[in-house]
Amino acid sequence: MSSKFTSRKLGVILLAISILIIASVVVYMFYESQKPENKNLGEVLINWYIPDYDKLVSDSDLIAVATVTSKKGIWGTDDGEKPSGFDIYKSGIYTEYTFQPDDVLKGNTTTIIGRAQGGEVDGYTLKATQTSSFEVGDQVLLFLTNNKDADGNRILWYYINWPGVFTERDNSVFTNDVYGNISLEQLKKDIVDSESANI
């Protein structure tokens, strides 16, 4: 009876080990199938709210001509670090830019940190439609609004929205696809008019 009991016990143990191995292989294969191919997370389609020009000027907390001083890809997590597991899809990837203000036309700042959706980090790529992209040394005109958390507290970086970014065309003239050309001289007048209308 003891050899029959031992054989049965051994059979149960082998069956349990087999089930664990099969379950481990299935879990591993599922996890591997969820990894992005070539570390490409796909493309984000962005539809921007595009205010009229006067609203763009009046609603912006900061308007500045600035030069890009740094550019880096970051994860869309609170700490900017790579998320684990499937959260990689939820967090997204952003490109974080640091700008040195050359001429602050509205608001007050010494450094501007902005994030645009899409970019590359840790070998992963996320593309985004209708987003702004800059290189270090580019000079741009930015219309930015304060970024706040769920409790209404100001966050230290600005979200860069595509309609609010103008590239330099000529000396003191900036352009974008939505609003066309803007001269700094005219923009300064528009800011004064906007502020006096809000009094």
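Numbers in this note's numbering are just positions in the sequence shown, counted from 1, shifted up by 5. Quick reminder that beta carbons are idealized off the backbone N, C-alpha and C, glycines included. It should be emphasised that the depicted structure is a prediction, and the values quoted were computed from it without experimental measurement.
CB-CB length for residue i against residue j, believed under 8 Å
i    : j    : result
G78  : E125 : 5 Å
E190 : S177 : 7 Å
W167 : Q135 : 5 Å
6 Å CB neighbourhood of residue i in its chain, flanking five on each side removed
i    : result
I2   : Coverage of the chain is limited to positions 6 through 204, which leaves residue 2 absent and any answer about it impossible.
K87  : W80, D127
S75  : T103
D108 : V70
Y58  : Y184
F179 : L146, F171, E173, I187
CB contact flag (residue i, residue j, <8 Å)
i    : j    : result
I98  : G119 : no
S89  : S199 : no
L46  : L149 : no
P106 : T115 : yes
K44  : Y129 : yes
I117 : Y54  : no
G142 : T72  : yes
Opposing strand residues paired with residue i [DSSP bridges]
i    : result
N186 : T180
Y164 : R120
I194 : At residue 194 the sequence reads Lys, which differs from the Ile that was named. BP columns for K194 are empty, so no partner.
T172 : V145, T180
Close Cβ partners of residue i (< 7 Å) along its chain, the five nearest in sequence each way excluded
i    : result
S137 : A121, I165, W167, V170
D195 : V62
Below-8 Å beta-carbon distance, residue i vs any chain B residue
i   : result
K60 : The structure shown has no chain B; it contains just one protein chain.
Sequence-distant residues of the same chain with beta carbon closer than 8 Å to residue i, five excluded per side
i    : result
K193 : L110
Point to revise | Ranges of the alpha helix (DSSP H) found wholly within the region 92-139, counting only runs of at least 4 | key: 92-96
Practice item. Identify every run of the beta strand (DSSP E) within the region 46-82, keeping only runs that are complete inside it and at least 3 residues long; order them along the chain. Key: 67-80
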